[in-house]
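Okay, structure first, notes after.
2 protein chains.
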Amino acid sequence: MTINTKDLQTSGASRTIISVDAMGGDRGPAAVVAGIGLSASKNPAIGFIVHGDAEVLKKLIKKRRLESVCEIRDCLGVVTMDAKPSQVLRNGKDTSMWSTIEAVRNGEATVAVSCGNTGALMAISMIRLRKLPGVNRPAIACLWPSLSKSGFNVMLDVGADIRADEQDLLQYAMMGASYARNGLGIARPRIGLLNVGTEEHKGRAELKAANDLIASHAEQAGIDYVGFVEGGDIPSDRVDVIVTDGFTGNIALKTGEGTANLISQQLRAAFKHSPLSRLAALLALTSLRRLSKRIDPRRVNGGVFLGLNGTVVKSHGSADETGIAAAIKLAFTLAEIGFSDKLAARVASSAASPQDAQEMGNLDGNQE
Amino acid sequence: MTINTKDLQTSGASRTIISVDAMGGDRGPAAVVAGIGLSASKNPAIGFIVHGDAEVLKKLIKKRRLESVCEIRDCLGVVTMDAKPSQVLRNGKDTSMWSTIEAVRNGEATVAVSCGNTGALMAISMIRLRKLPGVNRPAIACLWPSLSKSGFNVMLDVGADIRADEQDLLQYAMMGASYARNGLGIARPRIGLLNVGTEEHKGRAELKAANDLIASHAEQAGIDYVGFVEGGDIPSDRVDVIVTDGFTGNIALKTGEGTANLISQQLRAAFKHSPLSRLAALLALTSLRRLSKRIDPRRVNGGVFLGLNGTVVKSHGSADETGIAAAIKLAFTLAEIGFSDKLAARVASSAASPQDAQEMGNLDGNQE
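These protein sequences, in sequence, are chains A and B. All residue numbers for the first sequence refer to the working numbering, where the first residue is 33 and numbers rise by one. All residue numbers for the second sequence refer to the working numbering, where the first residue is 33 and numbers rise by one.
Below is the structure:
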């Protein structure tokens, strides 16, 4: 019934295999399979290992005629959104999330995608994939729509760990730079450290220490360190990579998404206000679609776990099929450019020469 | 040449006097006087004491024919944006900022407005106005456009202090509730504590402690405590008051503003894209203006310092005349409802009965 990984790889010549957790998202497996369908229709070069309740998945996959690109791994356990990471580590071996990471660990898939519980996903990833030598705290990096030439800025950590000392922040700067080079094609990324002001005396003690530390490593690492940046600079053209601790980064990310959602809602309401504004909306349809595509948080869905032996993409818990497809697209891009190995080399050389200079790949490319 | 405060008060029957720092903003005294002009044209019930270089101010005020509503206080010193608060406390007695606060301390004005250096303004306010008995850390509260019925949510602290322990956070909850009652007319404000997740085990230790503390005081204080909220909830209808430390709050505030600015820019660009979209923009002009008014951060310009003997409104450093006028409007509203006394009573009763239940006033009212 289900095909095995070998079939997947051979049938698609050189398919890139993505391991997908079908359970645990707010919208359940139907949305995940719909997202797989969307991806598959746009990019035939992806094969999927899909983890979850086989009974349910078989029906969903059949309905969308995805049998030839999907292999099902039956797992009965589901990590709930409110599960504690420590509990999941103890009792979560039968879950779809665990199985999803295991496929990357075994080398069956190149990248894992899950829209489940972030804390549990990071905990399982750390235990099963292990941290890269030299990395203290892995981080989650996200892409932020921006005025920069690439259209995106990288921000990290957005939620792997609520703490970060100056050494962690330095490492985030280096990992973020590698992501910007490989993912966005920026040869010499501009790095900023998030603070409540740009003056050097402001902020917490660890931020002042990190400010000095990153500055002293900038030349050697081939980055432009721009110093402290503020919340308003996150979507600006002043920086390519914004470095912060996971508590602050998570709040900023969700605040930005919340603001964008509020404005989108009100924009729609404004255009339904009168017959004249409805006519206007019709005339401006293309422009509005372009804008909405640009600011829609679903289109840049996917936080990437950095600092592990293997790549994991965390999709938004509430992602719909568009969001899931965006996360899969990101996973595919990272797999294609061999990001995991490049990042490992970069961390191993502990901020030496910029040897992971961009070779290819732009996350806003055509692959889907 | 310049009229004195007594004249100001008598000439306008019962004018409310606002003390305005004309220096120290990014755009200089011309923008501040322009903002005063805008306010004066909309609301004849305000008198102004304007602090700064008298030579410069005299010309600006004369040009706009504001002599009858403005008294000038000559001060040669200016607090720069990068000045350290400690330096300003030592050597800043001749500055326009110091003089602005002094007018509130002396009872000549009811509320002070400045768009200068936030840290210095808070330091001078704390030294000259002093903290309310029982308040450990004063906070800066801002209004956030939201889906709530009042159209705004209150968030605090957005930058008075980068630290806050559980007792501070409890006090912020009580002060924020008083602000929401008096400023927004919400009888029983819903209070949320900003965190990286809504589950009880998430976040830093002081947040877990504050969560318990605020919950245990909610009934007595006449508030609805909704528990942890996330960044995405800030502009939502789930809460009226968002409580956080000044570091996180400042980052969130500026991130929200940055996102709104980015989208506004792109919206304008979208409507200039083609002749058709320009026509559409023309047709949708009213709707777009309504939207832009709603999301324009300048229209809700003004952080209020809470926890002092006297009210101080901190305008955005980069505020233009629209922003300055919004800050003055906010100052006027707070002066009219006697907010300073009500807050003091609330803090004195240390979270007792909701005796400062709303009597009047809505910050989105008609006064300007």
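Don't be surprised by glycine CBs; every beta carbon is placed ideally from N, CA and C. Keep in mind that this is a model prediction, so the values were computed, not measured.
Just grab the DSSP bridge partners of residue i for me.
| i | result |
| --- | --- |
| A:A192 | Answer is none; A:A192 lacks a bridge partner. |
| B:C174 | B:M187 |
| B:D256 | B:R222 |
| B:A144 | B:S51 and B:V344 |
| B:I78 | B:T48 |
| B:H249 | The partner list for B:H249 (beta bridge, DSSP) is empty, contrary to what the question assumes. |
| A:V261 | A:L226 |
| A:V275 | A:L188 and A:L225 |
| B:G84 | B:D106 |
Is any non-hydrogen atom of the ligand HEM found closer than 6 Å to the C-beta of residue i, if you look at the structure I gave you?
| i | result |
| --- | --- |
| A:S309 | Among the ligands in the structure shown, none appear at all, so the ligand HEM cannot be discussed. |
State the Cα-Cα distance for the pair residue i and residue j, rounded to the nearest angstrom.
| i | j | result |
| --- | --- | --- |
| B:A363 | B:Y211 | 13 Å |
| A:A250 | A:V258 | 10 Å |
| B:L245 | B:I81 | 42 Å |
| B:K94 | B:D197 | 49 Å |
| A:G334 | A:L153 | 13 Å |
| B:L216 | B:S182 | 7 Å |
| B:K234 | B:K240 | 8 Å |
| B:A205 | A:E368 | 50 Å |
| B:V65 | B:A54 | 7 Å |
| B:A376 | A:P307 | 50 Å |
| B:F303 | A:A313 | 11 Å |
| B:R300 | A:H305 | 19 Å |
| B:F371 | B:V336 | 11 Å |
| B:R162 | B:L340 | 6 Å |
| A:C174 | B:K125 | 46 Å |
| B:T343 | B:L164 | 11 Å |
| A:A219 | A:Q252 | 14 Å |
| A:H83 | A:G191 | 24 Å |
| B:I194 | A:A380 | 35 Å |
| A:I72 | A:I78 | Looking at the sequence provided, one finds Ala at residue 72 of chain A rather than Ile. Answer to the nearest angstrom: the Cα atoms are 7 Å apart. |
| A:K374 | B:S347 | 47 Å |
| A:I255 | A:L202 | 12 Å |
| A:E289 | B:G290 | 12 Å |
| A:G67 | A:C107 | 20 Å |
| A:L338 | A:G278 | 13 Å |
| B:E232 | B:A209 | 22 Å |
| A:N75 | A:L311 | 36 Å |
| A:T287 | B:S100 | 44 Å |
Which residues mark the beginning and the end of the beta strand (DSSP E) in which residue i is found?
| i | result |
| --- | --- |
| B:S268 | Neither: B:S268 is in no beta strand (DSSP E) and is coded neither H nor E. |
| B:D106 | C102 to D106 |
| B:L98 | Looking at the DSSP string, B:L98 is not in any beta strand (DSSP E), and its letter there is neither H nor E. |
| A:L338 | G335 to L338 |
For residue i, count neighbouring C-beta atoms within 10 Å of its own C-beta (all shown protein chains included) and say buried if the count is 16 or more, exposed if not.
| i | result |
| --- | --- |
| A:D200 | buried |
| A:Q119 | exposed |
| B:E353 | buried |
| B:S46 | exposed |
| B:E103 | buried |
| B:R97 | exposed |
| A:L51 | Note that residue 51 of chain A is Ser in the sequence shown, not Leu. That one is buried. |
| B:N243 | buried |
| A:I49 | buried |
| B:N149 | buried |
| B:D269 | exposed |
| A:A247 | exposed |
| B:R122 | exposed |
| B:P170 | buried |
Could you pull the start and end residues of the alpha helix (DSSP H) that residue i belongs to?
| i | result |
| --- | --- |
| B:G60 | G60 to K74 |
| A:L153 | T150 to L161 |
| A:E134 | S128 to R137 |
| B:E289 | G278 to F303 |
| B:V120 | P117 to N123 |
| A:G355 | E353 to E368 |
| A:D200 | E198 to L216 |
| A:R378 | F371 to A380 |
Cβ pair count under 8 Å reaching 3, the region 261-279 of chain B against the region 183-196 of chain B: yes
Sufficient close CB pairs (3 or more, under 8 Å) joining the region 261-268 of chain A to the region 143-152 of chain B: With a cut-off of 8 Å, the region 143-152 of chain B and the region 261-268 of chain A do not count as touching, because too few Cβ pairs lie within range.
Cβ contact check for the region 77-89 of chain B and the region 52-61 of chain B: 3 or more pairs under 8 Å: yes
Stretch-stretch touch, CB-based, cutoff 8 Å, three pairs: the region 133-142 of chain A with the region 108-123 of chain A: no
At least three beta-carbon pairs within less than 8 Å, the region 278-292 of chain A to the region 227-237 of chain B: The answer is yes - the region 227-237 of chain B touches the region 278-292 of chain A, with three or more Cβ pairs under 8 Å.
Three CB pairs or more closer than 8 Å across the region 120-133 of chain B and the region 150-167 of chain B: Between the region 120-133 of chain B and the region 150-167 of chain B there are three or more C-beta pairs closer than 8 Å, enough to call the two in contact.
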